[in-house]
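Engineer: I have a structure here, written as structure tokens, and I will follow up with some questions on it.
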Amino acid sequence: MAVGTAPGKVILLGEHAVVYGQPAIAVPVAQVQATAIVEDAPAGTGITVFAADLGRRFRLSEGQARSRAAAALARTVRNTLERLGRTADLDLEITVSSTIPIGSGLGSGAAVATAVVRALVQHLGGYLTSREVSDLVYQTELLHHGTPSGIDNTVIAFGKPVYFIKDRCDEVFWPGRPFWLAIGDTGIPSSTREVVADVRKGWEQDRASYDAHFAAIGALVARAREALIRGDLHELGQLMVANQEELRAIGVSSEALDRLIAAAMDAGALGAKLSGSGRGGNMIALVDEATRDAVAAALQRAGARSVIVTRVS
Ligand code: PMV
Numbered sequence: 000m001a002v003g004t005a006p007g008k009v010i011l012l013g014e015h016a017v018v019y020g021q022p023a024i025a026v027p028v029a030q031v032q033a034t035a036i037v038e039d040a041p042a043g044t045g046i047t048v049f050a051a052d053l054g055r056r057f058r059l060s061e062g063q064a065r066s067r068a069a070a071a072l073a074r075t076v077r078n079t080l081e082r083l084g085r086t087a088d089l090d091l092e093i094t095v096s097s098t099i100p101i102g103s104g105l106g107s108g109a110a111v112a113t114a115v116v117r118a119l120v121q122h123l124g125g126y127l128t129s130r131e132v133s134d135l136v137y138q139t140e141l142l143h144h145g146t147p148s149g150i151d152n153t154v155i156a157f158g159k160p161v162y163f164i165k166d167r168c169d170e171v172f173w174p175g176r177p178f179w180l181a182i183g184d185t186g187i188p189s190s191t192r193e194v195v196a197d198v199r200k201g202w203e204q205d206r207a208s209y210d211a212h213f214a215a216i217g218a219l220v221a222r223a224r225e226a227l228i229r230g231d232l233h234e235l236g237q238l239m240v241a242n243q244e245e246l247r248a249i250g251v252s253s254e255a256l257d258r259l260i261a262a263a264m265d266a267g268a269l270g271a272k273l274s275g276s277g278r279g280g281n282m283i284a285l286v287d288e289a290t291r292d293a294v295a296a297a298l299q300r301a302g303a304r305s306v307i308v309t310r311v312s
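Residue numbers for the sequence shown follow numbering that gives the first Met the number 0, beginning at 0 and rising by one.
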């Protein structure tokens with residue numbers, strides 16, 4: 000039997016613009032995680048996947064037809080076996096569970112896939128580097144998101160803060176000073192695929208203005224990388240606020256997100272913004288040890304469905 004796990008993640012700055020070639024920064028969130036368990040099954044039973052949270056079980060051969068989530072799991076298993084030079088002619092039971100809310104920008108799809116890859120690799124006695132795991136999970140992300148930038152699979156497979164540029168750079172880095180994030184969930188599910196497609200429609204109608212917003216976001220991310228390395232959390236907070244303005248301008252914020260962001264800032268956060276695709280899902284607030292509890296409480300009062308406080312180092 001083998002167990003694979005993977006953390007959730009949040010995008011610190013740069014979402015959406017990252018799809019258009021700008022840099023973005025993402026960090027893992029260890030408080031939530033996906034787990035996969037791979038066990039040998041009785042001979043002749045084939046490969047079965049059990050999605051424990053949903054109470055659903057399916058044979059690998061049926062995955063494609065079931066649902067997008069089942070198809071994603073099936074694709075992950077097949078690609079991993081292929082990568083390890085194994086055929087699907089094995090008898091395995093794969094149990095998947097996750098504490099990462101779905102459709103909230105915390106990377107649940109990429110984390111589940113990463114956990115499955117890790118458990119399979121371990122069970123079958125292979126070895127893959129973090130980059131190889133990330134590349135495999137990207138293939139699954141294509142199914143979830145249509146045109147994913149690749150940032151989710153990268154930060155989750157590496158399990159460290161990453162500075163990321165699509166097809167060009169995935170640099171793991173260490174912040175000069177640890178910091179805390181309060182992550183507030185609007186409770187409104189959001190489809191990354193749909194929001195990314197809406198942004199693309201807007202871009203197709205007015206390329207000049209969208210490209211200007213994306214470039215402005217890219218410049219903020221580059222400054223944020225420097226601020227993070229220096230440990231300048233005040234500047235990082237200001238850059239997050241400026242990034243939120245750009246995200247609002249491209250139409251991906253919402254009343255619920257704006258309300259939580261305002262509550263966090265009023266309670267003393269150094270910066271706050273939506274995180275991930277937007278419209279619903281989560282927002283993040285940069286806090287320190289002195290403001291952490293007050294900001295978390297303010298988010299709850301402002302209607303956050305849940306609040307996670309995570310330390311990034
Ligand atoms: O909602 P999430 O966390 O899956 O993030 C989507 C991030 C986008 O930049 C909007 C899309 C992408 O593929 O990077």
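Note that CB positions come from ideal geometry on N, CA and C, so glycine has one too.
1. Return the residue from the list R85, R300, V240, G7 that minimises the CA-CA distance to S102.
2. So does the segment 14 to 30 actually touch the segment 45 to 55, counting three or more Cβ pairs closer than 8 Å?
3. Shorter than 7 Å, the distance from the beta carbon of P6 to the closest heavy atom of the ligand PMV, or not?
4. Taking DSSP's pairing of strands, which residues face L273 in a bridge?
5. Using 8 Å as the threshold, is the C-beta distance between E92 and A40 below it?
6. Quick one: is the Cβ of S148 within less than 7 Å of any heavy atom of the ligand PMV?
7. Which of the three DSSP states is assigned to V37 in this structure?
8. Are there any heavy atoms of the ligand PMV lying less than 7 Å away from the beta-carbon of H144, as far as the coordinates show?
9. Could you check which residue in L11, A207, S97 has the C-alpha nearest to that of V220?
10. Helix, strand or coil: which one does DSSP assign to L72?
11. To the nearest angstrom, how far is the alpha carbon of H233 from that of L269?
12. Grab me the residues of S129's own chain with a C-beta within less than 7 Å of its C-beta, minus the 5 sequence neighbours each way, in chain order.
13. Might you give, ordered along the chain, the residues of its own chain that have their beta carbon closer than 8 Å to the beta carbon of G145, omitting 5 neighbours on each side?
14. Alpha carbon to alpha carbon, how far is V95 from A1?
15. Should G391 be listed as close to the ligand PMV, given that the test is whether its C-beta is under 7 Å from any heavy atom?
16. Measure the Cβ-Cβ separation of A223 and L235 and say whether it is below 8 Å.
17. Between which two residues does the beta strand (DSSP E) harbouring S96 extend?
18. Would you say the segment 82 to 92 touches the segment 252 to 261, given that touching needs at least three Cβ pairs under 8 Å?
19. Restricting to Cα atoms, I'd like to know which of H143, S97, Y19, A29 is closest to A70.
20. Just curious, the alpha helix (DSSP H) that L232 is in, first and last residue?
21. Which same chain residues, not among the five before or five after G305, have their C-beta less than 7 Å away from its C-beta?
22. Taking the alpha-carbon positions, what's the K200 to A255 distance?
23. With three or more beta-carbon pairs closer than 8 Å as the criterion, would you say the segment 165 to 183 touches the segment 279 to 298?
Structural biologist: The answer reads as follows:
1. Indexing the sequence shown from 1 puts residue 102 at position 103. For the record, residue 102 in the displayed sequence is Gly; it is not Ser. The shortest Cα separation from G102 among R85, R300, V240, G7 belongs to G7.
2. no
3. Here residue 6 refers to the residue found at position 7 when the sequence shown is read from its first residue. False, no ligand heavy atom lies under 7 Å from that Cβ.
4. Along the sequence shown, one-based indexing puts residue 273 at 274. The partner list for L273 (beta bridge, DSSP) reads M282.
5. For the purposes of this step, residue 92 is identified with residue 93 of the sequence shown, where counting begins at 1. For the purposes of this step, residue 40 is identified with residue 41 of the sequence shown, where counting begins at 1. Going by C-beta atoms, E92 is nearer than 8 Å to A40.
6. Locating residue 148 in the sequence shown gives position 149, counting from the first residue. True, at least one ligand heavy atom lies under 7 Å from that Cβ.
7. Within the sequence shown, residue 37 is the residue found at index 38, counting from 1. Strand at V37.
8. Start at 1 with the first residue of the sequence shown, and residue 144 comes out as number 145. Checking every heavy atom of the ligand PMV against the Cβ of H144, one is found closer than 7 Å.
9. On the sequence shown, residue 220 is found 221 positions in, with the first residue counted as 1. Considering only alpha carbons, the answer is L11.
10. By 1-based counting over the sequence shown, the position of residue 72 is 73. In the structure shown, L72 sits in a helix (DSSP, three-state: H, G or I).
11. What you label residue 233 is simply residue 234 of the sequence shown in a count that begins at 1. What you label residue 269 is simply residue 270 of the sequence shown in a count that begins at 1. Roughly 6 Å between the two C-alpha positions.
12. Counting from 1 along the sequence shown, the entry for residue 129 is found at position 130. Excluding residues within five positions, the ones whose Cβ falls inside 7 Å are A156, F157.
13. If you number the sequence shown from 1, residue 145 lands on position 146. For G145, where only same-chain residues beyond five positions count, the Cβ hits under 8 Å are R192, V195, A196.
14. Position 96 of the sequence shown holds residue 95. Position 2 of the sequence shown holds residue 1. Going from the Cα of V95 to the Cα of A1 covers about 12 Å.
15. A question about residue 391 goes unanswered here, because the residues of the chain that appear run from 0 up to 312.
16. On the sequence shown, position 224 is the one that residue 223 refers to. On the sequence shown, position 236 is the one that residue 235 refers to. Yes, Cβ-Cβ distance for A223 and L235 is below 8 Å.
17. Along the sequence shown, one-based indexing puts residue 96 at 97. First-last of the beta strand (DSSP E) with S96: 91 to 97.
18. no
19. Counting from 1 along the sequence shown, the entry for residue 70 is found at position 71. Residue H143 is the option with its Cα nearest to A70.
20. One-based indexing of the sequence shown puts residue 232 at position 233. First-last of the alpha helix (DSSP H) with L232: 232 to 248.
21. As a working note, residue 305 is residue 306 in the sequence shown. According to the sequence shown, residue 305 is Ser rather than Gly. D184, listed in sequence order.
22. For the purposes of this step, residue 200 is taken as residue 201 along the sequence shown, with counting starting at 1. For the purposes of this step, residue 255 is taken as residue 256 along the sequence shown, with counting starting at 1. Rounded to whole angstroms, K200 to A255 spans 23 Å at the Cα level.
23. yes
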